[in-house]
Amino acid sequence: MPPLAFLSKPSIKVTLEQEMIFVRPSPSATPSDDPLLRGTVVLSLPKRRAIRAIRIKLEALSDVYGGIDFPYETEKILEKSLHMELDGEVLEAGNHAFGFAFILPSSSAVYQRCSYGRCRHFVRATVDYAGPLKTSSSSSPIAVWVTANPTPLGASPEPLDTSLQHYSSDLGPIAVTLSSPHLTVSSLIHAELHFLSPPQNVTIIHISCLVTQTFVVHYKDPQRIARPIPKRHLLTKVDISAHATPLVPTPSRPIGGAGSCAPLDPVREDPNPLHELKFEEEFRYASLFRVPNDDHIRPTTLAATEAKIRVSHKLVVEVRYRLGYEDEDRLLTISRPVEIASCCCLGDSLLLPAYSVVAPSPSQPLISPRRNRCLCNTSLAEMRTMEGLALERASTIVGTGDSEAERAMEERVEREIAEQRRRSELKTAPGHATAIHLLR
Numbered sequence: 171m172p173p174l175a176f177l178s179k180p181s182i183k184v185t186l187e188q189e190m191i192f193v194r195p196s197p198s199a200t201p202s203d204d205p206l207l208r209g210t211v212v213l214s215l216p217k218r219r220a221i222r223a224i225r226i227k228l229e230a231l232s233d234v235y236g237g238i239d240f241p242y243e244t245e246k247i248l249e250k251s252l253h254m255e256l257d258g259e260v261l262e263a264g265n266h267a268f269g270f271a272f273i274l275p276s277s278s279a280v281y282q283r284c285s286y287g288r289c290r291h292f293v294r295a296t297v298d299y300a301g302p303l304k305t306s307s308s309s310s311p312i313a314v315w316v317t318a319n320p321t322p323l324g325a326s327p328e329p330l331d332t333s334l335q336h337y338s339s340d341l342g343p344i345a346v347t348l349s350s351p352h353l354t355v356s357s358l359i360h361a362e363l364h365f366l367s368p369p370q371n372v373t374i375i376h377i378s379c380l381v382t383q384t385f386v387v388h389y390k391d392p393q394r395i396a397r398p399i400p401k402r403h404l405l406t407k408v409d410i411s412a413h414a415t416p417l418v419p420t421p422s423r424p425i426g427g428a429g430s431c432a433p434l435d436p437v438r439e440d441p442n443p444l445h446e447l448k449f450e451e452e453f454r455y456a457s458l459f460r461v462p463n464d465d466h467i468r469p470t471t472l473a474a475t476e477a478k479i480r481v482s483h484k485l486v487v488e489v490r491y492r493l494g495y496e497d498e499d500r501l502l503t504i505s506r507p508v509e510i511a512s513c514c515c516l517g518d519s520l521l522l523p524a525y526s527v528v529a530p531s532p533s534q535p536l537i538s539p540r541r542n543r544c545l546c547n548t549s550l551a552e553m554r555t556m557e558g559l560a561l562e563r564a565s566t567i568v569g570t571g572d573s574e575a576e577r578a579m580e581e582r583v584e585r586e587i588a589e590q591r592r593r594s595e596l597k598t599a600p601g602h603a604t605a606i607h608l609l610r
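In the numbering used here, the protein residues as written are 171 to 610.
If you want it as structure tokens, here you go:
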């Protein structure tokens, strides 16, 4: 056999315009803005062939596993096909390109990979040759990374800018501010705690920020639903004034263990104990935290997304402290439900490429898809370069004392202190957990 004999075989290949496509499900009954998945099928013929048809198929498969006592189940959750009838048309030797487009429902399940299963989309093309033997050739499946964007088309995820007010019988009134230029996987969060007037001497041992991640796994049988125990993920305190380990961020697809490791951010170390809080002493604590990458934190599932594996999140602030007359630590927890977008929801990924007036559209068949960047592979130094002004603004949202929230808190302080003094004799027993009430 000649060494290049295999080149005489025809081949078919699929190339997508974008390897990642963003969907935004409509939360109401109003019509949704369904995106188009565009691509090109390239048929390479070493000699003239009569073609009967070209078939293109878009499929989505979902694998779920709810844990012990639950089965492993695979289900086809989406299937669309296009059929191009050529009726035996003879094509000359060479490359022949055929464009195609699928309408992808905005409620489609997004790409998923976690301990409880996965969801993936792919496109495959098949060419049927004319003739009595009815032979055919098929392409390799090409992955499509479907990602949900909670904001309108072309817009980055909305910033996080929220204030929580809490009263603790041990620590007094506390104001918590959480800020982020955009809350996504691997993004930065600025957290500040303002202790206004503690009713007694307290040792603040440690302040941390966490994300509680909850999965709900749905099976074909609507009565079979798995609810694994939520997992808590500690957010790393980072020092934005230091330099991270050098790493040039590269275009990335959301593939676990694809060979691109996340940069090592400079970690901030707090003193231990953090602070000796005196009676009625005002104290502010602020720190910058980074959300873990997509190997640990999966994007929040939007309400209208038809997903078999649904993910929800809570942002948690924990204060570990000790009263002067006790030997055991106490823990104060303040939490808030949040929506964490995908690490690929960046401005340069969400905006479509612009075409010039001279060349309003691509004139050549697609030979490679448009790549998307992932925030997981972005170093802290580059994030500071990209979002320096936004981060600076987030780090200064600490309250000036003139805002309505500050004034309301001061009034609440006076009421709570007066109430606490009236019941000062009712001390909490040593080691007993304090009640947590999130004030909205």
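All C-beta atoms, glycine included, are put in the ideal place defined by N, C-alpha and C.
Between the CA atoms of residue j and residue i - distance to the nearest angstrom
i      : j      : result
ARG500 : PRO311 : 54 Å
PRO241 : PHE272 : 33 Å
LYS179 : PRO216 : 7 Å
ILE395 : HIS388 : 5 Å
GLU259 : PHE268 : 14 Å
THR321 : SER356 : 18 Å
LEU405 : ALA295 : 44 Å
PRO205 : LYS246 : 21 Å
GLU170 : ALA473 : Nothing can be reported for residue 170: it is not among the residues displayed for the chain, which extend from 171 to 610.
ALA605 : VAL489 : With a pLDDT of 35 at ALA605, under the threshold of 50, the predicted position of this residue should be treated as unreliable, though the coordinate-derived value follows. Computed Cα separation, rounded: 13 Å.
LEU256 : TYR299 : 10 Å
ASP497 : ARG554 : 42 Å
ASP239 : LYS401 : 19 Å
SER512 : CYS544 : 9 Å
TYR337 : LEU248 : 49 Å
GLN188 : HIS445 : 51 Å
PRO201 : VAL297 : 35 Å
ASP409 : PHE270 : 48 Å
ILE182 : LEU516 : 33 Å
TYR455 : MET556 : 26 Å
LYS390 : VAL234 : 10 Å
LEU550 : THR305 : 54 Å
SER333 : THR384 : 23 Å
SER339 : PRO441 : 25 Å
ALA318 : LEU261 : 40 Å
Proximity below 7 Å, CB of residue i to CB of residue j
i      : j      : result
ARG480 : VAL386 : yes
VAL486 : THR382 : yes
PRO443 : ILE510 : no
SER367 : GLU450 : yes
LEU358 : ARG460 : yes
CYS546 : ASN463 : yes
PRO398 : GLY237 : yes
HIS403 : HIS466 : yes
ALA263 : ARG218 : yes
HIS352 : PRO327 : yes
Residue burial classification, residue i (beta-carbon count within 10 angstroms, cutoff 16)
i      : result
LEU458 : buried
ASN265 : exposed
LYS448 : exposed
GLY494 : exposed
VAL437 : exposed
ILE344 : buried
THR471 : buried
LEU303 : exposed
GLN393 : exposed
THR548 : buried
THR244 : exposed
LYS407 : buried
THR347 : buried
For residue j and residue i, believed in contact at Cβ under 8 Å, the rounded distance
i      : j      : result
GLY152 : SER232 : Nothing about residue 152 can be reported from this structure: the residues present for the chain run from 171 to 610 only.
SER349 : LEU363 : Incorrect: roughly 13 Å between the Cβ atoms, too far for contact.
ILE221 : VAL316 : The Cβ separation is near 31 Å, so there is no contact.
VAL293 : VAL184 : 5 Å
PHE365 : LEU341 : 6 Å
If contact is defined by three or more beta carbon pairs under 8 Å, each pair taking one atom from either stretch, is the stretch 248-255 in contact with the stretch 222-236? With the cut-off at 8 Å, the stretch 222-236 and the stretch 248-255 touch.
Touch test, the stretch 270-290 against the stretch 192-201, Cβ-Cβ under 8 Å, three pairs minimum: Counting C-beta pairs closer than 8 Å gives three or more between the stretch 270-290 and the stretch 192-201, which meets the contact rule.
Counting pairs of Cβ atoms below 8 Å between the stretch 369-384 and the stretch 204-222, do you hit three or more? Segments in contact, no.
Quick one: any contact between the stretch 302-310 and the stretch 496-512, if contact means 3 or more CB pairs under 8 Å? At 8 Å Cβ cutoff, the stretches do not touch.
Count Cβ pairs between the stretch 281-301 and the stretch 464-477 that sit closer than 8 Å; are there 3 or more? Three or more beta-carbon pairs drawn from the stretch 281-301 and the stretch 464-477 are found closer than 8 Å, and the two stretches are therefore classed as touching.
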